[in-house]
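Colleague: One structure, pasted below without further comment.
In the UniProt record's numbering, the protein residues as written are 1 to 287.
What follows is the structure, given as structure tokens:
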């Protein structure tokens, strides 16, 4: 746990060690457990939410192997608060306002959200049931926001254009995107028959581009980046599938797909579905 506490107490002279620890958090190489999935306890601040796991032992040494973490992003949000001297909710609101994402915010039980979906799960008899009430203030940064597909596509396109566009300035620098998408951590593949190898970057899962083979559709060989989501009563995926070229106007070309389902554990086919949708739009754009 010393590594975690060192991150949360940044000094004025930032060291390479602390930067490495932040990288480990973003690449899912530090964490403990997920026992708070159904937590209904409200936390007033991000710092208060650290109490859930700050005394836990690490599952592995930082940077040694992949362990998926939600709490790691709670810790990252605390780091952001320290560095910016603003609370995380305000930092998020400022960014969302800049991007025009008006339907995205942290999820609080007190707020009334218009047209909010109801959330369901399937019981052992495969019948739909309402999910229990939860409070997501323990994991706002890692799994406690609400949004819609329009806002998610705005975000995905903003990220995608940051890989190529130069004027006006993109939201993120191209060099920053190269770091975010530089995926070196190999994830364990639970499906032995799957041919794709997943790598984890900084908050993004990457499937590498395959070597092109004559006679094979390029759309099936290009790499892509994505992240799935699993919450109480909801499942999701956001996928970015770039093409191998840049448009004449400087825009990055490709397809972004957002899928939201108001059902818990909606199945393991989200990536395949998103890829199928991306391929349909790729084919239509190439006509």
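Where is the CB? At the ideal position from N, CA and C, for every residue including glycine.
From a predicted model like this one, the values you see are computed outputs, not experimental measurements.
How big is the Cα-Cα spacing for residue 128 and residue 122?
Modeller: 5 Å
Colleague: DSSP on residue 227, reduced to helix/strand/coil?
Modeller: strand
Colleague: What does a CB cutoff of less than 8 Å around residue 161 pick up in its chain, not counting 5 residues either side in sequence?
Modeller: 170, 171, 251, 252
Colleague: May I ask whether a heavy atom of the ligand SAM can be found less than 8 Å away from the beta carbon of residue 179?
Modeller: The model depicted lacks the ligand SAM and carries no ligand whatsoever.
Colleague: Taking Cβ positions, are residue 179 and residue 197 nearer each other than 9 Å?
Modeller: no
Colleague: Any idea if residue 46 is buried or exposed, counting beta-carbon neighbours within 10 angstroms, 16 or more meaning buried?
Modeller: Buried.
Colleague: Among the candidates 184, 183, 203, 164, whose CA atom is the shortest distance from the CA of residue 242?
Modeller: 164
Colleague: Taking the Cβ atom as the reference point for each residue, do residue 232 and residue 113 lie within a distance shorter than 9 Å?
Modeller: No, Cβ-Cβ distance for residue 232 and residue 113 is not below 9 Å.
Colleague: Taking C-alpha atoms, which residue in 90, 228, 37 lies nearest to residue 261?
Modeller: 228
Colleague: Which class does residue 163 belong to by DSSP, given the choice of helix, strand or coil?
Modeller: coil
Colleague: Distance, Cα to Cα, residue 13 vs residue 259?
Modeller: Residue placement at residue 13 is poorly supported in this model, since its pLDDT is 47, which falls under 50; the coordinates are not used for a value here.
Colleague: With DSSP as the reference, identify every bridge partner of residue 128, one or two as the case may be.
Modeller: 122
Colleague: Roughly how many whole angstroms lie between the Cα atoms of residue 200 and residue 173?
Modeller: 20 Å
Colleague: How far does the beta strand (DSSP E) with residue 260 in it extend, from its first residue to its last?
Modeller: 252–261
Colleague: Three-state secondary structure (DSSP) at residue 47?
Modeller: helix
Colleague: On the DSSP bridge assignment, give the partners of residue 197 in chain order.
Modeller: Note: residue 197 sits in no beta bridge, so no partner.
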